[in-house]
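Q:
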Amino acid sequence: PDFRTLTIDKGTRDGLRPDMAVIAPAGVVGRIVMPSARAAKVQLLIDRNAAAGAIIERSRAQGVVVGSGEDRLRMENVSEASDIVVGDIVVTSGIEGIYPKGFIIGRVDTVEKNGPSYRTITVKPAVDFASLEEVLVVVTPTPAREAPGEAGGGRE
């Protein structure tokens, strides 16, 4: 299955909004994509349209983890010069503004050369998506909006 989602029993009346991160004790689960009043659809990180900025915890090598629709993730756009070995822990970088920095994504499963300057890394997710029972939503504050006429903040 290419599209991987789950539905949780909390929604907009509980303060949930699109793009809030969803985690489990083991690591990243996904993000809210379609909240309604009493429920919300969560796009799992293994969904083929899912992606998250990522860092190899040990070497700080950066890339983007993308879903495959299967039980493994791919970490792409990783420099060929990066120090990465099987077993390295992969965490969120926080760069895309959805997942806070430092949440565990998984461990490096394989490292392959992908052209002259990049590597493709296969990542085994930390979360067992087949046996999820409970998740947590990272509730972030609503972005503050400036009231008309308040921009600038100073007097002339």
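Each residue of the sequence shown is one higher than the one before, counting from 410 in the working numbering. Every residue gets a Cβ at the ideal spot worked out from N, C-alpha and C, and that includes glycine.
(1) By DSSP's criteria, LYS522 is part of a beta bridge. Which residues make up the other side?
(2) Which term fits GLY506, buried or exposed, when burial requires 16 or more other beta carbons within 10 angstroms of its beta carbon?
(3) Determine whether the Cβ of VAL494 lies closer than 7 Å to any Cβ atom of chain B.
(4) Mark PRO550 as exposed unless 16 or more other C-beta atoms lie within 10 angstroms of its C-beta, in which case mark it buried.
(5) Taking the straight line between their C-alpha atoms, what separation do you get for LEU482 and GLY524?
(6) Given GLY503, which residues of its chain have a CB within under 8 Å of its CB, disregarding the five upstream and five downstream residues?
(7) What do you get for THR416, buried or exposed, if any count of 16 or more other CB atoms within 10 angstroms of its CB means buried?
(8) Look at the Cβ atom of ILE530, then the Cβ atom of VAL487, and state whether they are nearer than 7 Å.
(9) Are three or more beta carbon pairs between the region 536-550 and the region 430-437 nearer than 8 Å?
A: Per the coordinate set shown:
(1) Numbered from 1 along the sequence shown, position 113 holds the residue referred to as residue 522. DSSP lists ARG528 as partners of LYS522.
(2) Translated into the one-based positions of the sequence shown, residue 506 becomes position 97. GLY506 should be labelled exposed.
(3) Included in the structure is just one protein chain, with no chain B present.
(4) Along the sequence shown, read from residue 1 onward, the residue named residue 550 stands at position 141. Under this definition PRO550 is an exposed residue.
(5) On the sequence shown, residue 482 is found 73 positions in, with the first residue counted as 1. On the sequence shown, residue 524 is found 115 positions in, with the first residue counted as 1. If I take the Cα positions, the gap works out to 19 Å.
(6) Position 94 of the sequence shown, counted from the start, is the residue given in the question as residue 503. Excluding positions up to five away in sequence, the list reads GLY462, PRO509, LYS510, GLY511.
(7) In the sequence shown, residue 416 corresponds to position 7, counting from 1. With fewer than 16 other Cβ atoms within 10 Å, it is exposed.
(8) Here residue 530 refers to the residue found at position 121 when the sequence shown is read from its first residue. Here residue 487 refers to the residue found at position 78 when the sequence shown is read from its first residue. In contact: ILE530 and VAL487 (Cβ atoms closer than 7 Å).
(9) yes
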